[in-house]
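Encoded as structure tokens, the structure appears first; notes follow it.
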Amino acid sequence: MTDNRTRARAARWILPALLIVAWLVVGGIGGPLQGQLSTVQTNDNAAFLPESAESTRVGELQKGFAEVTALPAVLVFERPGGLTGADQQAITAALAEVAEVPGVGPVTPLKLSTQDDEAAQAVALLPTGGAKPRAVVADIRERLDGLPDGLAAHVTGPGGLIADFTAAFGGIDGLLLGVTAAVVALILVVVYRSPVLPLVVLLTAGLALCLAVAVVYALAKAGVLLLNGQSQGILFILVFGAATDYALLLIARLREELRKHESKGAAMRAALRAAAGPIAASAGTVIAGLLCLLISDLRSNSSLGPVAAIGIAASLAAALTFLPAVLVLLGRAAFWPARPRYESVDSVEETKSRRGVWPRVAGLVGRRPRAVWLLSTLVLAIGVGFLPQLRADGVAQSELFLTEVDSVTGQQVLTRHFPGGTGSPAILVTAASSAQEVVRLAKETEGVADAAVRGAKIVDGKVEINAVLKDAADSPNALDTVQRLRERTKDVGGTLVGGATAGQLDVRTSSLHDRKIIIPVVLAVIFLILALLLRALLAPLLLIATVVLSFAATLGVSALVFNHVLGFPGADPSVPLFAFVFLVALGIDYNIFLMTRVREEALAHGTRDGVLRGLTVTGGVITSAGVVLAATFAALAVLPILFLAQIAFLVAFGVLLDTLLVRSLLVPALTVDIGRRVWWPGKVG
18 MTDNRTRARA
28 ARWILPALLI
38 VAWLVVGGIG
48 GPLQGQLSTV
58 QTNDNAAFLP
68 ESAESTRVGE
78 LQKGFAEVTA
88 LPAVLVFERP
98 GGLTGADQQA
108 ITAALAEVAE
118 VPGVGPVTPL
128 KLSTQDDEAA
138 QAVALLPTGG
148 AKPRAVVADI
158 RERLDGLPDG
168 LAAHVTGPGG
178 LIADFTAAFG
188 GIDGLLLGVT
198 AAVVALILVV
208 VYRSPVLPLV
218 VLLTAGLALC
228 LAVAVVYALA
238 KAGVLLLNGQ
248 SQGILFILVF
258 GAATDYALLL
268 IARLREELRK
278 HESKGAAMRA
288 ALRAAAGPIA
298 ASAGTVIAGL
308 LCLLISDLRS
318 NSSLGPVAAI
328 GIAASLAAAL
338 TFLPAVLVLL
348 GRAAFWPARP
358 RYESVDSVEE
368 TKSRRGVWPR
378 VAGLVGRRPR
388 AVWLLSTLVL
398 AIGVGFLPQL
408 RADGVAQSEL
418 FLTEVDSVTG
428 QQVLTRHFPG
438 GTGSPAILVT
448 AASSAQEVVR
458 LAKETEGVAD
468 AAVRGAKIVD
478 GKVEINAVLK
488 DAADSPNALD
498 TVQRLRERTK
508 DVGGTLVGGA
518 TAGQLDVRTS
528 SLHDRKIIIP
538 VVLAVIFLIL
548 ALLLRALLAP
558 LLLIATVVLS
568 FAATLGVSAL
578 VFNHVLGFPG
588 ADPSVPLFAF
598 VFLVALGIDY
608 NIFLMTRVRE
618 EALAHGTRDG
628 VLRGLTVTGG
638 VITSAGVVLA
648 ATFAALAVLP
658 ILFLAQIAFL
668 VAFGVLLDTL
678 LVRSLLVPAL
688 TVDIGRRVWW
698 PGKVG
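This is the structure in structure tokens:
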């Protein structure tokens, strides 16, 4: 008999111990790879374009005209008051050194400004497929440091912009993770008032990130998916936020069960039975929403979907395997110094019904449900009223930086003394027989400074024409010019217009198209999941309607903040789409946590009491989860990129709005007011 008890006790810790060891092995593999993710990133604009885009087709045709495709980096020099002869000699010598830099192809001869005598420029071609632009441009800038005093040198153009853009993500590996972990740790210490649980939760999130990084690294290295700096930053934040949220929910349920069960093993089994379903359903909803991005025309969008979905799956796996294993071994000691004591069921129910803020919130909802949901809806409607002020039709690439960078300063210098599109022309590919006509049409197009056939090479009866734009290649005016070029030349010689500006235009067009297609698909997918989970049709419709209303209010408030507080120049068209996918999927998450518990309570106590009990029990933990997720997304703002700063505010504010208003007041009040009909066509309580 004693042997049987000994074997039973051993079996109870062997499986958790094996799970912990397995996860530590994952950490040993994935941990070192976090610093190597940047080596498998692709951040150039062309890599994000849809295959059907006109600029993509031009890029493919260009390969036939040049032995090596290259990224132009524009080197611009300026001395206020005029360049001296010594300046020109020093620049010429520096250009000779630049030509020797590994990763630099041909360097064009120095060209003086025809508008004044204060500036000169040359173009260094960086062959694609060679060294990373960030390293090459850094080396070029180092070679230009020794110029005479008062002579400024800058590296701009597509090569300079991509180098600075990549450098801006250099903080992902260290700064972003450090800030995120510190913020989450602080919140967890406040929530748990325990030194042990925060460490366990952070370790769970860290191991989930190791698993996600290992999978993403392998797939990106094999070319199966595309990884860029933005998706890497979002992956880190999403894993930390989701893993922490799932851990909070499981631990909260375990604390309840430890008061009902004397055995820590029985308590964990009960907690997993109750919490694993809602957690898995929530993760599945987010994964399904993210995978809807696969239908995007843009490679950057379609690649973000699986990258982020892998992160959510890793978070779910860690929260339902590693975390329970650690908590089973620690038992009540994990909650030290406030260890939950074994009590009677009646005592537990009494404790739940009398203590804390949430019983009072539930009491308010129970007394005045209609007034509560009407007032909540009015608050959201006020936010929605500012939605027309949101400017999300695109910004110049040079405006994506929130700090001063050399490529942007260089572009400003270039525009003062040369046509803004110098070094980054529009590329027209047309039939050789129509070349002169296309050149004439291009020169006559508003916004074009000059146009000429490039070289004498004819490939499959086609030639390449370069059109230098008057405005900076990434500016809204340049995009308008490319659109006019396409309209004027499309019927002549089968002309196609590409180049960096055309690529940016195609990205913007595809982003607007994606918003119209993906948003309805995400809503339909989430509705189906909710209908299956809640076994109802009316409740899912109400939940989706409230989250969409919250999303619209978030966009409205964000428009005010972006325009009048932060002074942002606008937003990329993909920003509302990403915010929608994250906010709707994550907002539904909290409603799933609430409504699955409400349904559980309603089966035993009726719908009205089920809502109030569910709100009382889940209020604290869901609010804590919302605050953690908002804080983790807010950490994205430490990276000086406009897109990420906007996503940080949108998701952080939206999650808090959804957690504190929609899930706490609007949804419970609506459910109480509608009553048992909310479960239509099913019947509950």
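The opening position of the sequence shown corresponds to residue 18 in the working numbering, with each subsequent residue numbered one higher.
Where a beta carbon is used, it is the ideal one built from N, C-alpha and C, also for glycine.
Reference residue i; option with closest CA among the options
i, options, result
"A331", "A259, R358, V401, L391", "A259"
"Q79", "L682, W697, T447", "T447"
"E454", "T498, L404, D508", "D508"
"V374", "I561, L629, P89, L243", "L629"
"A39", "A225, V213, S681", "A225"
"A576", "G671, Q521, A621", "G671"
"Y234", "A569, Q53, A264", "Q53"
"G516", "R74, L397, Y359, L266", "R74"
"K277", "E360, G348, A288", "E360"
"R377", "S681, I475, A300", "S681"
"R433", "L346, L547, L344, Q138", "Q138"
"S211", "A298, A111, T125, A351", "A351"
"I327", "A231, F403, L344", "A231"
Nearest-angstrom Cβ-Cβ length linking residue i and residue j, presumed shorter than 8 Å
i, j, result
"A87", "P144", "5 Å"
"A439", "L431", "Contrary to the premise, residue 439 reads as Thr rather than Ala in this sequence. Sure, about 6 Å apart at Cβ, within 8 Å."
"G48", "C227", "5 Å"
"V324", "T261", "That pair is no contact at about 19 Å."
"P436", "A398", "With 8 Å as the limit, P436 and A398 do not qualify as a contact, their Cβ atoms being about 49 Å apart."
"T570", "V401", "First, the amino acid is wrong: residue 570 is Ala here, not Thr. About 5 Å; that satisfies the 8 Å criterion."
"F595", "I535", "Their Cβ separation, rounded to whole angstroms, is 10 Å, which puts F595 and I535 out of contact at 8 Å."
"V140", "G427", "Contact doesn't hold; Cβ gap of about 12 Å is too wide."
"L496", "T518", "6 Å"
Coil, strand or helix - residue i by DSSP
i, result
"D314", "coil"
"E135", "coil"
"K281", "helix"
"L142", "strand"
"L127", "coil"
"D467", "strand"
"G587", "coil"
"G671", "helix"
"V121", "coil"
"G515", "strand"
"L244", "strand"
"L211", "One point to set straight first is that residue 211 is Ser, not Leu, in the sequence displayed. The answer is coil: DSSP assigns S211 none of H, G, I, E or B."
"W30", "helix"
"P685", "helix"
"G699", "coil"
"K238", "helix"
Alpha-carbon to alpha-carbon, residue j and residue i
i, j, result
"L333", "L311", "21 Å"
"S8", "P657", "The requested residue 8 is not part of the displayed model; the chain covers only 18 to 702."
"V213", "V200", "16 Å"
"E366", "L271", "At E366, the pLDDT of 47 sits below 50, so the modelled position is not reliable; the number obtained from the coordinates is stated separately. Distance between the alpha carbons of E366 and L271 is about 15 Å."
"G643", "S393", "18 Å"
"S370", "T633", "A caution first: S370 carries a pLDDT of 47, below 50, which makes its placement in the model unreliable, though a value can still be read off. So the two alpha carbons sit approximately 7 Å from each other."
"K281", "L559", "38 Å"
"T197", "V412", "28 Å"
"N245", "S317", "8 Å"
"T109", "R158", "15 Å"
"V598", "G623", "34 Å"
"F650", "A291", "28 Å"
"G573", "A588", "13 Å"
"G627", "A619", "4 Å"
"K487", "L41", "58 Å"
"L252", "G383", "40 Å"
"P123", "F544", "56 Å"
"V735", "D606", "This structure cannot settle anything about residue 735, because the visible part of the chain is limited to 18 through 702."
"R457", "G478", "19 Å"
"L36", "A222", "15 Å"
"A335", "L92", "49 Å"
"A686", "N608", "13 Å"
"P386", "L549", "27 Å"
Enumerated in chain order, which unbroken segments of the alpha helix (DSSP H) with a length of 4 residues or greater are wholly contained in the segment 368-455?
-> 374-384, 386-401, 423-434
Whole beta strand (DSSP E) runs in the segment 39-117 with 3 or more residues, listed along the chain?
-> 87-95
What alpha helix (DSSP H) runs, 4 residues minimum, are completely inside the segment 607-657?
-> 624-651
In chain order, each beta strand (DSSP E) run of at least 3 residues that lies wholly inside the segment 160-187 | 169-173
Taking only runs of the beta strand (DSSP E) that begin and end inside the segment 316-363, which ones reach a length of at least 3 residues, in chain order?
-> none
Could you pull out every unbroken alpha helix (DSSP H) segment of at least 4 residues lying fully inside the segment 455-511, listed in chain order?
-> 493-506
Ranges of the alpha helix (DSSP H) found wholly within the segment 519-578, counting only runs of at least 4 = 555-577
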